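Asker:
There are 2 protein chains.
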Amino acid sequence: MADADGGRRSPTTIYDIARELGVSPSTVSRALHKPGRTSAKTEARIRAAAEALGYRINPLARALPTGRTGTLGLILSDITNPVWFELIRGAERVTAEHGRTLVLAESQESPDLERRTAERLVPSVDGFVLVASRLPDAGIRALAASKPLVVVNRLVSGVDCLVPDVAPGLRAALDHLAAAGHRALAFLSGPAASWMSRTRWEIAFEEAPARGLSIVEIGPGAPTTAGGQAALRRVLASGASAVLAYNDLMAIGLLRACRDAGVAVPGRLSIVGFDDIFGSDFTSPPIATIRSPLGALGGDAVRRLIGARDASPPLATEFVPRGSTAPPGYGP
Amino acid sequence: MADADGGRRSPTTIYDIARELGVSPSTVSRALHKPGRTSAKTEARIRAAAEALGYRINPLARALPTGRTGTLGLILSDITNPVWFELIRGAERVTAEHGRTLVLAESQESPDLERRTAERLVPSVDGFVLVASRLPDAGIRALAASKPLVVVNRLVSGVDCLVPDVAPGLRAALDHLAAAGHRALAFLSGPAASWMSRTRWEIAFEEAPARGLSIVEIGPGAPTTAGGQAALRRVLASGASAVLAYNDLMAIGLLRACRDAGVAVPGRLSIVGFDDIFGSDFTSPPIATIRSPLGALGGDAVRRLIGARDASPPLATEFVPRGSTAPPGYGP
DNA sequence: TATGGTCTGGCAACCGATTGCCGGACCGAC
DNA sequence: GTCGGTCCGGCAATCGGTTGCCAGACCATA
Chain A
1 MADADGGRRS PTTIYDIARE LGVSPSTVSR ALHKPGRTSA KTEARIRAAA
51 EALGYRINPL ARALPTGRTG TLGLILSDIT NPVWFELIRG AERVTAEHGR
101 TLVLAESQES PDLERRTAER LVPSVDGFVL VASRLPDAGI RALAASKPLV
151 VVNRLVSGVD CLVPDVAPGL RAALDHLAAA GHRALAFLSG PAASWMSRTR
201 WEIAFEEAPA RGLSIVEIGP GAPTTAGGQA ALRRVLASGA SAVLAYNDLM
251 AIGLLRACRD AGVAVPGRLS IVGFDDIFGS DFTSPPIATI RSPLGALGGD
301 AVRRLIGARD ASPPLATEFV PRGSTAPPGY GP
Chain B
1001 MADADGGRRS PTTIYDIARE LGVSPSTVSR ALHKPGRTSA KTEARIRAAA
1051 EALGYRINPL ARALPTGRTG TLGLILSDIT NPVWFELIRG AERVTAEHGR
1101 TLVLAESQES PDLERRTAER LVPSVDGFVL VASRLPDAGI RALAASKPLV
1151 VVNRLVSGVD CLVPDVAPGL RAALDHLAAA GHRALAFLSG PAASWMSRTR
1201 WEIAFEEAPA RGLSIVEIGP GAPTTAGGQA ALRRVLASGA SAVLAYNDLM
1251 AIGLLRACRD AGVAVPGRLS IVGFDDIFGS DFTSPPIATI RSPLGALGGD
1301 AVRRLIGARD ASPPLATEFV PRGSTAPPGY GP
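In order, the protein sequences belong to chains A and B.
The first sequence stops at residue 332 when you use my numbering, and every number in between is there.
The second sequence stops at residue 1332 when you use my numbering, and every number in between is there.
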């Protein structure tokens, strides 16, 4: 039996303070939130009483007349995808630092659920951060028409977007592979609808030839370990000696498939992933990867939303070399 | 330059509908939320108008007179700890299923920040889920006095608590190790303040002798890969042939230290972790672990909070055998 | 002393719902 | 025809803040 809700004292309001001190509630409100609007003496008395009575402002009551709720909505397709952990933390940190509250929602990969969730949240939030949105561009613009909104990891025209610069890390990875002697590269692409997968492919496609690397696209595939695992046969058939996987999960899946099939990594196949997710350095060999600054991205998205000065430099990616790459044919 | 907030249409209210139809706002409210209170005809007209005008209820406005905000607060010490991913997802799913909203907050391991965060959220939420709380028991009880509250993974008297049954999985793991021929076991403990670490140790201590296993505690240590890594020398010195780590992160850290030190796993040392976190099967060998039903735990905590029928059976743990255990001295 | 400005506090409307109470309309029964 | 009950809609208060407007107090200046 749960405890019968009883005995919860109702919290102190500005009316309690006003009555206690014989002033009007509006004076209390101004003393607490409009510096200089009341006399120093009154303000001090009111602050003391508020402290003594344990007063906490009720954000809901404040939100009603002002429209400022003090909460932000973070919507992503899949909460448990480790790619987003640092982003979630970054967003939460910055939100809390500014005294705001973060509500978290998951679209479970469904555009329709994403739209309904966002609409449900509209009256409760001051703005949205949309990560890996599954909505069509028009849906995102429609949402942006009702609330401030920042889109992360996707470009939508007419909307504030935050996307890391894929090129630096990717170029470094290509340099690294080319220098090791690779000549044939395969790109394992993610979901067809993924803007980020397309972008990564396009840059790799653009940059590989100049380094003497041939490149083929294999996919699209599910952006999961299963998706990576399923791609091994096509990778081997392609004759590539190195693989760029759309993300670390696919890279890990591919690595696992290699182990099961007796394909040596990095001897027969070098593997590079994207994102540097938690766990990508647990494997053996650990997965080389192109790190995205996702924690910074989450924090910056929130800062941009609440209009705080956005002093962060453009967000570059970075190649993280690890044991999963080597010259082709290297080893036993 | 951010876009100048302009041109956002204000959402439809029940007053808009009432004016449109020439009825009173109270009738609109009742038509939409008090089945049978208005005539079928009126209700149909109002529903049609609400649909046509794109009406969405404003949860904040509703919360003010009723006190029901429709949102729940989930507070945990560390958002990015992979242990909680499934729990967060479970809580979010169930929350959304019931049309509620989940706000996420992180105490960053600080009791003081945890208390302040909770207090700030009090007026905005209908209740709390506290996970791995760093508050003293009295602090938790004080919070429970102002809002309904469920504590996960810790027992606090006088408060609704949800803790998985550690014994079944742990017994199975001990059986497994004993059957493999191990005689000397070490337990790598986590933070001194962790209720769960203490509990796991106590049960292992209780159950090991009956299986012919000696057991020693090594620690306390940080519940991270670094903490596990740091413990290797003491583990080796203890003469144990098998290790039970407080959690998978420590197990992974220990495994990594073994690799660096040339200690064969599972040949020289068998390793078992706790929680079955994401990534614990990426290692080689993959880490055997005692799985906690954390997704179910998150969902159940929310269900309990909102008073939905709690039909779930008691939550048992489960041993997941993997390559990190073998008979002592096994292998090359 | 009259005038005008600044400082300070109160009054009351407002945000968008919910809900207790009232009363008119309508029904059937006696 | 009267009475009692049910059905259905409206009025107005309420939740807890915010804020535009007003007025009295006080000060300085002419």
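From the three backbone atoms N, C-alpha and C, an ideal C-beta is built for every residue, glycine too.
On a predicted model such as this, the values are computed, not experimentally measured, just so you know.
#1: At a Cβ threshold of 8 Å, is A326(A) touching chain B?
#2: Under the assumption that A1105(B) contacts L1121(B) (Cβ atoms under 8 Å), give the Cβ distance between them as a whole number of angstroms.
#3: Closer than 8 Å by beta-carbon distance: list the chain B residues that pair up with E335(A), in chain order.
#4: At a CB-CB cut-off below 7 Å, which residues of chain A make contact with F1274(B)?
#5: Evaluate contact between the stretch 294–308 of chain A and the stretch 70–88 of chain A, counting only Cβ atoms and requiring at least three cross-stretch pairs below 8 Å.
#6: So the alpha helix (DSSP H) R47(A) belongs to, where does it begin and stop?
#7: Measure the C-alpha to C-alpha separation of G1099(B) and S1077(B) and round it to an integer number of angstroms.
#8: Are the Cβ atoms of Y246(A) and S189(A) separated by less than 8 Å?
#9: Do T1071(B) and the ligand GDP come close, with the Cβ less than 7 Å from some heavy atom?
#10: I want to verify the contact list: residues of chain A whose CB lies under 8 Å from the CB of E1106(B), in sequence order.
#11: Please report the residue range of the alpha helix (DSSP H) in which V1302(B) lies.
#12: Looking at C258(A) and L244(A), is the spacing between their C-beta atoms short of 8 Å?
#13: Excluding the 5 residues preceding and the 5 following A193(A) in the sequence, name in chain order all residues of the same chain whose CB lies nearer than 8 Å to its CB.
#14: Identify the continuous alpha helix (DSSP H) that holds E1020(B) and give its terminal residues.
#15: Give me, in chain order, the residues of the same chain whose beta-carbon lies closer than 6 Å to that of A1172(B); leave out the 5 immediate sequence neighbours on both sides.
#16: What would DSSP say about A105(A), mapped onto helix, strand or coil?
#17: Under 8 Å, with one C-beta from each stretch per pair, do the stretch 55–64 of chain A and the stretch 1050–1065 of chain B reach the 3-pair mark?
#18: Around the Cβ of P1293(B), are there at least 16 other Cβ atoms within 10 angstroms (buried) or fewer (exposed)?
#19: Does T1042(B) come within less than 8 Å of chain A when only Cβ atoms are used?
#20: To the nearest angstrom, how far is the alpha carbon of P35(A) from that of T13(A)?
#21: Taking the alpha-carbon positions, what's the A1240(B) to P191(A) distance?
#22: With 16 other CB atoms within 10 Å as the buried threshold, where does P1328(B) fall?
#23: Give the DSSP-derived three-state secondary structure of A1002(B) in the structure shown.
#24: Under 8 Å, Cβ to Cβ, is there at least one residue of chain A near F1085(B)?
#25: Pull the bridge partners of F128(A) from the DSSP assignment, please.
#26: Relative to the alpha-carbon of T1117(B), which residue among P136(A), R93(A) and T117(A) has its alpha-carbon at the smallest distance?
#27: Could you please give me the residues that DSSP links to E1217(B) through a beta bridge?
#28: From the beta carbon of T1101(B), is the nearest beta carbon of chain A less than 8 Å away?
#29: Classify S124(A): buried if its beta carbon has 16 or more other beta carbons within 10 angstroms, exposed otherwise.
#30: Under DSSP, the alpha helix (DSSP H) around F85(A) begins and ends at which residues?
#31: Indicate whether the contact test is met: 3 or more Cβ pairs, each with one atom in the stretch 1174–1187 of chain B and one in the stretch 1214–1226 of chain B, closer than 8 Å.
#32: Taking D112(A) as the reference, which of I140(A), F128(A), G90(A) and T101(A) has the closest Cα?
#33: Compute the beta-carbon to beta-carbon distance between I287(A) and L255(A), rounded to the nearest angstrom, for a pair I have assumed lies under 8 Å.
#34: From which residue to which residue does the alpha helix (DSSP H) around A1031(B) run?
#35: Interface residues of chain A around I1079(B) at Cβ under 7 Å?
#36: Cβ of L174(A) less than 8 Å from any chain B Cβ?
Answerer: So, from the listed chains and residues:
#1: On the first sequence, residue 326(A) is found 326 positions in, with the first residue counted as 1. For A326(A), the answer is no, since every Cβ of chain B falls outside 8 Å of its Cβ.
#2: Counting from 1 along the second sequence, the entry for residue 1105(B) is found at position 105. Counting from 1 along the second sequence, the entry for residue 1121(B) is found at position 121. In this structure, A1105(B) and L1121(B) form a Cβ contact; the two beta carbons are roughly 7 Å apart against a cut-off of 8 Å.
#3: Lying before the first or after the last residue shown, residue 335(A) is absent from chain A, which here runs from 1 to 332.
#4: Taking the second sequence and counting its residues from 1, one reaches residue 1274(B) at position 274. Those within 7 Å of F1274(B) in chain A number zero; the least Cβ separation is about 16 Å.
#5: Contact annotation: the stretch 294–308 of chain A touches the stretch 70–88 of chain A, with at least three C-beta pairs closer than 8 Å.
#6: Locating residue 47(A) in the first sequence gives position 47, where the first residue counts as 1. Following the DSSP letters along the chain, one finds R47(A) inside the alpha helix (DSSP H) bounded by residues A40 to L53.
#7: Translated into the one-based positions of the second sequence, residue 1099(B) becomes position 99. Translated into the one-based positions of the second sequence, residue 1077(B) becomes position 77. Cα to Cα, the separation comes out at about 26 Å.
#8: Looking up residue 246(A) in the first sequence gives position 246. Looking up residue 189(A) in the first sequence gives position 189. With contacts defined by Cβ atoms closer than 8 Å, Y246(A) and S189(A) form a contacting pair.
#9: No copy of the ligand GDP appears in this structure; indeed no ligand is present at all.
#10: Working through the second sequence from its first residue, we reach residue 1106(B) at position 106. Residues of chain A whose Cβ lies closer than 8 Å to the Cβ of E1106(B) are, in chain order, R89, E92, R93 and A96.
#11: Within the second sequence, residue 1302(B) is the residue found at index 302, counting from 1. The continuous alpha helix (DSSP H) containing V1302(B) extends over residues L1294 to L1305.
#12: The residue you call residue 244(A) lines up with position 244 of the first sequence. The residue you call residue 258(A) lines up with position 258 of the first sequence. Annotated as distal: L244(A) and C258(A), with beta-carbon spacing of 8 Å or more.
#13: Locating residue 193(A) in the first sequence gives position 193, counting from the first residue. Around A193(A): R134.
#14: In the second sequence, the residue the question calls residue 1020(B) occupies position 20. It spans I1014 to L1021 - the alpha helix (DSSP H) in which E1020(B) sits, taken as one unbroken run.
#15: Locating residue 1172(B) in the second sequence gives position 172, where the first residue counts as 1. Correct list, in chain order: F1319.
#16: As a working mapping, residue 105(A) is identified with position 105 in the first sequence. Correct three-state label for A105(A): strand.
#17: Flag = yes, the stretch 55–64 of chain A and the stretch 1050–1065 of chain B touch.
#18: To locate residue 1293(B), count along the second sequence from 1; it is residue 293. By the 10 Å Cβ count, P1293(B) comes out buried.
#19: Along the second sequence, one-based indexing puts residue 1042(B) at 42. Not closer than 8 Å to any Cβ of chain A, the Cβ of T1042(B) fails to qualify, so no.
#20: In the first sequence, the residue the question calls residue 35(A) occupies position 35. In the first sequence, the residue the question calls residue 13(A) occupies position 13. Distance between the alpha carbons of P35(A) and T13(A) is about 19 Å.
#21: Against the second sequence, residue 1240(B) aligns to sequence position 240. Against the first sequence, residue 191(A) aligns to sequence position 191. In this structure, the CA atom of A1240(B) is about 48 Å from the CA atom of P191(A).
#22: By 1-based counting over the second sequence, the position of residue 1328(B) is 328. Buried, since its Cβ has 16 or more Cβ neighbours within 10 Å.
#23: Residue 1002(B) sits at position 2 when you count from the first residue of the second sequence. Annotation note: pLDDT 38 at A1002(B) (below 50); position unreliable, no value reported.
#24: Residue mapping note: residue 1085(B) aligns to position 85 of the second sequence, counting from 1. With respect to chain A, the C-beta atom of F1085(B) has a partner C-beta closer than 8 Å.
#25: Within the first sequence, residue 128(A) is the residue found at index 128, counting from 1. DSSP, once it has assigned bridges, lists G73(A) and L149(A) as partnering F128(A).
#26: Taking the first residue of the second sequence as position 1, residue 1117(B) is located at position 117. Relative to T1117(B), the option among P136(A), R93(A) and T117(A) whose CA is nearest is R93(A).
#27: Walking along the second sequence from the start, residue 1217(B) turns up at place 217. Bridge partners of E1217(B): F1187(B).
#28: Along the second sequence, read from residue 1 onward, the residue named residue 1101(B) stands at position 101. Yes, because at least one Cβ of chain A sits closer than 8 Å to the Cβ of T1101(B).
#29: The sequence position of residue 124(A) within the first sequence is 124, counting from 1. So S124(A) ends up on the buried side.
#30: The count along the first sequence starts at 1 and reaches residue 85(A) at position 85. F85(A) -> alpha helix (DSSP H) spans F85 to E97.
#31: Result yes; three or more Cβ-Cβ pairs closer than 8 Å.
#32: Counting from one through the first sequence, the residue named residue 112(A) turns up at place 112. Nearest option by C-alpha distance: I140(A).
#33: Taking the first residue of the first sequence as 1, we reach residue 287(A) at position 287. Taking the first residue of the first sequence as 1, we reach residue 255(A) at position 255. Between L255(A) and I287(A) the Cβ distance is about 7 Å, and since that is below 8 Å, they are a contact.
#34: In the second sequence, residue 1031(B) corresponds to position 31, counting from 1. First-last of the alpha helix (DSSP H) with A1031(B): P1025 to H1033.
#35: Here residue 1079(B) refers to the residue found at position 79 of the second sequence. Under the 7 Å cutoff, chain A gives I88, R89 and E92.
#36: For the purposes of this step, residue 174(A) is taken as the residue at position 174 of the first sequence. So no, L174(A) is outside the interface.
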